[in-house]
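In what follows, a single structure is set out as structure tokens and then discussed.
Protein chains: 2
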Amino acid sequence: MPFEYIPPLLRPSSGKIVLLVMDGLGGLPTEAGGPTELEAAATPNMDRLASEGMLGQITPIRPGITPGSGPAHLALFGYDPLEYEIGRGVLESVGVGLQVGRGDVAARGNFCTLDSEGNISDRRAGRIPTEEAIPLVESLKTINIPGVKTEVRHVKEYRFAVVMRGESLNPDIEDTDPQQVGIPPLPAVARSPAAEQTAQLFNQWMKQAREVLAGQPQANGMTLRGFATDPNLPTFSDSYGLKGAAISVYPMYKGVASLVGMQVINFTGETPGDEFAALADTWSDFDFFFIHIKKTDSKGEDGDFYGKAEIIESVDKALPRLLDLGPQVLVITGDHSTPAKLRTHSWHPVPFLLWAPDTVRPDNQERFGERACANGGLGNFPAVQTIPLALAHAGRLEKFGA
Amino acid sequence: MPFEYIPPLLRPSSGKIVLLVMDGLGGLPTEAGGPTELEAAATPNMDRLASEGMLGQITPIRPGITPGSGPAHLALFGYDPLEYEIGRGVLESVGVGLQVGRGDVAARGNFCTLDSEGNISDRRAGRIPTEEAIPLVESLKTINIPGVKTEVRHVKEYRFAVVMRGESLNPDIEDTDPQQVGIPPLPAVARSPAAEQTAQLFNQWMKQAREVLAGQPQANGMTLRGFATDPNLPTFSDSYGLKGAAISVYPMYKGVASLVGMQVINFTGETPGDEFAALADTWSDFDFFFIHIKKTDSKGEDGDFYGKAEIIESVDKALPRLLDLGPQVLVITGDHSTPAKLRTHSWHPVPFLLWAPDTVRPDNQERFGERACANGGLGNFPAVQTIPLALAHAGRLEKFGA
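This is the structure we're talking about:
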């Protein structure tokens, strides 16, 4: 349980909580004294919420640590990523929308090039492009291993994910990537007796896969890494008494939300407006809504400062539709920073806005931006404290002690 | 390891980190509405760095806790002093430049006065002044115990440090100070069988010491306390992947730095300019430089408000020499506060300036001072987070998770 002291305090409430995550929201000025992406964006709606609400900054994992998307979201959901580790195979799989249930075993796969002796000559198969890899992944879907079901999905370039489902599977298996060229891929080797059978099943799968790939000029072999199973996280419902929904265009974020037991909402379209429409459609069915906006991060990774600001503006423009629903608590933040200046995720703290019309204590800040958040009344705090704060403002927590 | 999650994330980088510590930097106004020592000092260079960089405040150990110099520096280096205890005998010894290696046993010594029956009549030998104690410590250096080597060094007034080096030594020994007068000093008593032999060696040493001191009017006896050995701290190199150098005029700070594996730089002179010259001389040989300025603390302990401000100004004047070297990350802070008003170390948080031209997120603060730091974007945070933050800004940490 992420916070042992919370379940005994939970009480019912009709107050709904919305966690609006703009991926990679935090930014940096590109010139001395200049604005960040968020500060450069015209955000009249968020600015009003900022002046009515309270600002702060969150640290996703620990000071100085740059988070990947999986751990950053786990932290926002209240699960300390240093305490709740999710295997790489599971993250890769849920990242492309492959469910990993209790007892399933997931792994990351790399296509590689084997020479005529069966030794690896290129560990990444010449980094074959996505359009070449997709049909190869399709061909791997034809593999049939008696007694289990396997699902394969393409990730990017030479990477794919594979999930095996069946009885008594166990992920305690060594990587088959020898991390060097000139020798063959390793067989799947169990690290404990309980994983022997699963290792053999993966060896059968790899044998068939090599037959399927035989004759390919580059991707004629593969290695598997990061064998892992469902991390069996305490659910959102048990941890916080919340019936949670996830609204996201990208599978990775749906996947992480589903690992903590949120229900993934299907909807059409991919704009912030489409996501808020999905929110409106499901408003009466859930207590908590996680809404994920991807493109702030993508523009940041592209180094597109103004593109990122425009995405933020598009979210701001669509915001009245969300506000019309009357959330009791709205948190607007990011999972981490992705400054366009750095073109990558960073360790900088993330702007945080808490709006709760009935209970928030305002703090004299008038705009939503990094400098305002640095002076906000919530101060700097760990991202894992987001949900407990939201629960309080939603009237969902009893007093602790007499 | 201070941060278990850091070593797996380390990556090489050419970015150099400078940690400039003005001892006892934090201060207090001496009159209502007045400036602190740092605010009273003219510091144009630090003010520029503050406006380009980011400010905050660090808590050395825990809120309300006034640190000694040893723990305060350990915390700055990332080693929580509540987790990594260093025996008092070791701190006293390294504080006066006595090395304590693996297997050595160090203790703190007090001269005391014994009456004609051998009972203690004054536990501090009338607090004899330093100039009287130094020749007595010299005479203790003549003691010879077969099979081991002992080194003795004067500390202050009636206090000295002793280190024993040899085979199979063990520090698990009770203090010999009975903490009361009218009874004799206690013998060294082992708390466990493994320390029996060492206790006997210290008893032989004390017997010879009493013979050497016989006839002294005040300091004719001694007690030993705080038996301890090298704390075997994880090294700076293992913990952070940094090759660290320590530049300090005073032995205490060289000692603590050497306990975490930094290399102590020898140089001549004792001004900030001399220390920065030593920095320039060794710039290409290390990744990380700890530079210690002592006199801010000394002036604070003297109650000399303007004297402390002048020392800060002298550091500021010399700063361009440091900046010319092009550090990727510069942290300017103190190990603790020593407000001239209080004439002693205090528990107040310590001003903190982080400057990293490529990656810092500025926070609208224009000056380096306590009030500006209290409003800085880094907020209030534990001193142990200093090195992880610096590593991030130096480009020395990979992303955590996918």
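The listed protein sequences derive, respectively, from chains Z and H. So the first sequence is residues 1 to 402, counted in the working numbering. So the second sequence is residues 1 to 402, counted in the working numbering. Cβ atoms here follow ideal geometry from the backbone N, Cα and C, with glycine treated the same way.
query                                                                                                                 : result
Residue-level contact to chain Z via CB, Phe400/H, 8 Å cutoff                                                         : yes
Partner residues on chain H for His345/Z, Cβ-Cβ distance less than 7 Å                                                : Lys399
Backbone secondary structure at Arg108/Z - three-state DSSP                                                           : strand
Short CB-CB distance (under 8 Å) between Leu91/Z and chain H                                                          : yes
Listed by chain order, chain Z residues near Gln385/H by CB distance under 9 Å                                        : Arg62, Pro63, Gly64
Cβ neighbours of Arg88/H in the same chain (closer than 8 Å, five flanking residues each side left out)               : Arg108, Arg225, Gly226, Ala228
Burial state of Gly33/Z, where buried means 16 or more other Cβ atoms lie within 10 Å                                 : exposed
Test: Ala379/H CB closer than 8 Å to a CB of chain Z                                                                  : One detail in the question is off: residue 379/H reads as Gly in this sequence, not Ala. Cβ-Cβ to chain Z under 8 Å: yes for Gly379/H.
8 Å Cβ cutoff, Ser69/Z in contact with chain H                                                                        : yes
Touch test, the segment 212–223 of chain H against the segment 64–81 of chain H, Cβ-Cβ under 8 Å, three pairs minimum : no
Closer than 8 Å to chain Z by CB, Tyr5/H                                                                              : yes
DSSP-derived helix/strand/coil call for His73/H                                                                       : helix
Runs of alpha helix (DSSP H) wholly within the segment 209–285 of chain Z (minimum 4 residues, chain order)           : 236–240, 251–259, 272–282
Partner residues on chain H for Asn375/Z, Cβ-Cβ distance less than 7 Å                                                : Asn375
Short Cβ contact (8 Å threshold) for Trp205/H with Thr150/H                                                           : yes
DSSP state of Ala161/H mapped onto helix, strand, coil                                                                : strand
Buried/exposed call for Ile293/H, threshold 16 Cβ in 10 Å                                                             : buried
Near-chain Z residues of the segment 352–364 of chain H - C-beta to any C-beta below 9 Å                              : Asp358, Thr359, Val360, Arg361, Pro362, Asp363, Asn364
Neighbour flag for Glu370/Z against chain H, beta carbons, 8 Å                                                        : yes
Close beta carbons around Val90/Z, own chain, < 6 Å, minus the five adjacent residues each side                       : Val100, Ala106, Ala228
Buried versus exposed call for Ile332/H [16 or more other C-beta atoms within 10 Å across all chains shown]           : buried
Min CB distance Pro388/H to chain Z below 8 Å                                                                         : yes
Alpha-carbon spacing of Ser237/H relative to Arg321/Z, whole angstroms                                                : 54 Å
Spatial distance of Ser116/H from His336/H (CA atoms)                                                                 : 45 Å
Three-state secondary structure assigned by DSSP to Gly56/Z                                                           : strand
Simplified DSSP assignment, three categories, for Asp122/H                                                            : strand
For Lys149/H: DSSP bridge partner residues                                                                            : Arg165/H
Glu83/H at chain Z interface by Cβ criterion, 8 Å                                                                     : no
Gly379/H vs Asn380/Z beta-carbon contact at 8 Å                                                                       : yes
Assumed close pair Met252/H, Gly95/H - CB separation to whole angstroms, cut-off 8 Å                                  : 4 Å
6 Å Cβ shell around Pro193/Z - same chain, five flanking residues per side excluded                                   : none
Ile17/H vs Pro234/H beta-carbon contact at 8 Å                                                                        : no
Burial state of Leu19/Z (16 or more Cβ within 10 Å)                                                                   : buried
Where Ala426/Z sits in the DSSP three-state scheme                                                                    : What is shown of chain Z runs 1 to 402, which leaves residue 426/Z out entirely.
Distance, Asp281/H Cα to Gly269/H Cα                                                                                  : 14 Å
Any 3 or more C-beta pairs closer than 8 Å across the segment 295–313 of chain H and the segment 37–55 of chain H     : yes
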